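Student:
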Amino acid sequence: MVYRGPYRIRVEDKPRPVIEHPNDAIVRVTRAAICGSDLHLYHGMMPDTRVGMTFGHEFIGVVDEVGPSVRTVQAGDRVMVPFNIFCGTCFFCARGLYANCHNVNPNATAVGGIYGYSHTCGGYDGGQAEYVRVPLADVGPSSIPDWMDDEDAVLLTDAVATGYFGAQLGDIAEGDVVVVFGAGPVGLSAAASAWLMGAGRVIVIDHLEYRLAKARSFAHAETYNFAEYADVVVLMKELTDRIGADVAIDAVGAEADGNLLQHITSAKLKLQGGSPIALNWAIDSVRKGGTVSVMGAYGPMFSAVKFGDAMNKGLTLRMNQCPVKRQWPRLFEHVRNGYLKPRDLVTHRIPLEHIAEGYHIFSAKLDGCIKPLVVTDAA
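All residue numbers for the sequence shown refer to the numbering used here, where the first residue is 18 and numbers rise by one.
Here's what the structure looks like:
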């Protein structure tokens, strides 16, 4: 998959990646996914997304070749690769902040390295391809347990791990009311994870009926279509005895609908780093002294966030890119015990050669698409 500009991608032959550092591995990709945050790149929302880049930060595969210093994986291993590229030894990695590694991104004033996510995130080619170079292979990839299905594994490389992390950042106490804005794969995973952390009530807000139906079946949540209400914040107050939710999770990010002016100035005119609609709804919908967790992806530019309201309500705001590998031990157990079934989110399986059509279906929200996988060996 090769980026040729906003809304323009192609499938092209590129040179097979090679070992560039003794700790590199080359992985033959067996399954990848298209993520909602890939659509921010596809729509031209992320700065320094260069023509010729290959996207894809959710992928699994088989190790094809390793550099001379790699010890933890070897050729032939079936591996899952977290979307974070991290060194494992810097100040931030030592504190478990793998998404903020200081050694893998020349622009690392904030985020670390991410596969296939523009030069703002290090300029690494991603996994929507037959082969991908995996740097720092001793600390990133992990062997996929024999009992784990490939489709469960690929969703644990970002979407489900990020949703779980979003619920974790909410610091949910037993019996809490949790509202999740956005019923995409991350929001659905956050809603399902909230139950595991003791929530007493989980509410999901979206405007697409097929996604709300999935929120009911996958996450067993209450659902509300914001397009059917004059004011979603008033709705949330009415649902919570005029107090507000204990925890609000923004699982939408940069291209939120719901306010035409905000959507146009961010998603269309690129005057903001992201449409703050969902985040502002979260700030207004949560009770005083509550917690807002932000999982939706935003760019580095200005966004018109209602920070004064957050300050005066005494809110706790918690956010980050997910440190994926830190979540895996608990997530593996939840999947093994049947508490989470990531593969139930998958609605489409797209051959790599038809990935442009896959992006169009996902971007335009056609055919009930919730989570598309990319199949590299379909031919």
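Think of the CB as a built atom: it goes at the ideal place given N, C-alpha and C, for glycine as much as any other residue. The model shown is predicted, which means the values in this text are computed figures rather than measured ones.
(1) Please report the Cβ distance between D86 and P39, rounded to the nearest whole angstrom; I am assuming they are in contact, meaning their Cβ atoms lie under 8 Å.
(2) Using three-state DSSP, classify N297 as helix, strand or coil.
(3) Pull up the DSSP beta-bridge partners for V269, would you.
(4) Relative to the C-alpha of A334, which candidate in R343, A184, P34 and G113 has its C-alpha closest?
(5) Grab me the residues of I161's own chain with a C-beta within less than 8 Å of its C-beta, minus the 5 sequence neighbours each way, in chain order.
(6) I'd like the span of the alpha helix (DSSP H) that includes M253, first residue to last.
(7) Take L172 and list the residues in its own chain whose beta-carbon comes closer than 6 Å to its own, dropping the five residues that flank it on each side.
(8) Less than 8 Å between the CB atoms is what I'm expecting for V46 and Y148, so what's the real figure, rounded?
(9) Under 9 Å between the Cβ atoms of G270 and G53?
(10) Report all residues from its chain with a CB closer than 6 Å to the CB of H351; omit the five preceding and five following residues, and keep chain order.
(11) On the DSSP bridge list, what partners appear for S160?
(12) Assuming A13 contacts G199 under a Cβ cut-off of 8 Å, what Cβ separation, rounded to an integer in Å, is found between them?
(13) Shortest alpha-carbon distance to F100 belongs to which of V341, D394, S380 and L383?
(14) Using three-state DSSP, classify Y141 as helix, strand or coil.
(15) By DSSP's criteria, R27 is part of a beta bridge. Which residues make up the other side?
(16) Tell me whether V311 sits in a helix, a strand or coil according to DSSP, three-state version.
(17) Please report how far the alpha carbon of G221 lies from the alpha carbon of D263, in whole angstroms.
(18) Quick check on this structure: which residue in T71, L56, E226 and A190 has the alpha carbon closest to the alpha carbon of E29?
(19) Under 9 Å, do I337 and L153 count as touching if we go by C-beta distance?
(20) What are the partner residues of M336, as DSSP defines its beta bridges?
(21) Note down the Cα distance separating I36 from G105, rounded to an integer number of angstroms.
(22) Assuming G139 contacts F103 (C-beta within less than 8 Å), just tell me the rounded distance between them.
(23) Excluding the five sequence neighbours on either side, which residues of its own chain have a C-beta within less than 6 Å of the C-beta of I367, listed in chain order?
(24) Tell me H365's beta-bridge partners as DSSP assigns them.
(25) Do K330 and V363 have their C-beta atoms within less than 9 Å of each other?
(26) Out of curiosity, what's the CA-to-CA distance linking D175 and V203?
(27) Does the distance from the C-beta atom of S234 to that of I266 stay below 9 Å?
(28) Do D313 and A295 have their C-beta atoms closer together than 9 Å?
(29) For P34, count neighbouring C-beta atoms within 10 Å of its own C-beta (all shown protein chains included) and say buried if the count is 16 or more, exposed if not.
(30) Could you spell out the range, first to last residue, of the alpha helix (DSSP H) harbouring D169?
(31) Out of K254, T137, G180 and R150, point me to the one whose CA is closest to V194's CA.
(32) Quick one: complete beta strand (DSSP E) runs, 3+ long, within the stretch 50 to 111?
(33) Report the residue from R228, T66 and H224 whose alpha carbon sits nearest the alpha carbon of E245.
Tutor: With the structure as the only source:
(1) According to the sequence as given, residue 86 is Ser; it is not Asp. In this structure S86 touches P39 by the C-beta definition: roughly 4 Å separates them, less than 8 Å.
(2) Annotated three-state conformation of N297 is helix, per DSSP.
(3) Beta-bridge partners assigned by DSSP to V269: none are found.
(4) The amino acid at residue 334 is misidentified as Ala; the sequence shows Leu. Closest in alpha carbon position to L334, among R343, A184, P34 and G113, is A184.
(5) Around I161, the same chain offers I77, R95, V96, M97, D167 and A170 as residues with beta carbons nearer than 8 Å, after the five sequence neighbours per side are excluded.
(6) M253 -> alpha helix (DSSP H) spans V249 to L256.
(7) Within the same chain, L172 has close Cβ partners P359.
(8) Right, the Cβ-Cβ distance comes to about 7 Å (below 8 Å), so this counts as a contact.
(9) In terms of Cβ geometry, G270 and G53 form a close pair [threshold 9 Å].
(10) Only L357 meet the Cβ criterion.
(11) The partner list for S160 (beta bridge, DSSP) reads V96.
(12) Because the chain here runs from 18 to 396, residue 13 falls outside it and cannot be looked at.
(13) Residue V341 is the option with its Cα nearest to F100.
(14) Strand, per DSSP.
(15) Beta-bridge partners assigned by DSSP to R27: V19.
(16) It is a strand residue.
(17) Reading off the sequence shown, one finds Val at residue 221, where the question assumed Gly. If you take the alpha carbons of V221 and D263, they lie about 14 Å apart.
(18) Among T71, L56, E226 and A190, the Cα nearest to that of E29 belongs to T71.
(19) Looking at the sequence itself, residue 337 is Asn, so the reference to Ile does not match. Cβ atoms of N337 and L153: not closer than 9 Å.
(20) The partner list for M336 (beta bridge, DSSP) reads V311.
(21) Per the coordinates, the alpha-carbon of I36 lies some 20 Å from the alpha-carbon of G105.
(22) Rounded to the nearest angstrom, the Cβ distance from G139 to F103 is 11 Å, too far for a contact under 8 Å.
(23) Within the same chain, Cβ atoms closer than 6 Å to the Cβ of I367 are found at G375, P389 and V391, the five residues on either side in sequence being excluded.
(24) Looking at the DSSP assignment, H365 forms a beta bridge with P389.
(25) The beta carbons of K330 and V363 sit no closer together than 9 Å.
(26) A direct Cα-to-Cα measurement between D175 and V203 gives close to 9 Å.
(27) Their beta carbons are not under 9 Å apart, which means S234 does not touch I266 by this criterion.
(28) Per the sequence presented here, residue 313 reads as Gly, with Asp not at that position. Between G313 and A295, the C-beta gap is smaller than 9 Å, which places the two residues in contact.
(29) Label assigned to P34: buried.
(30) Run containing D169: D167 to L172, per the alpha helix (DSSP H) assignment.
(31) Closest option to V194, Cα to Cα, is K254.
(32) Taking only runs of at least 3 residues, the beta strand (DSSP E) segments lying wholly in the stretch 50 to 111 are 76 to 83 and 95 to 98.
(33) E245 has its Cα closest to that of H224, out of R228, T66 and H224.
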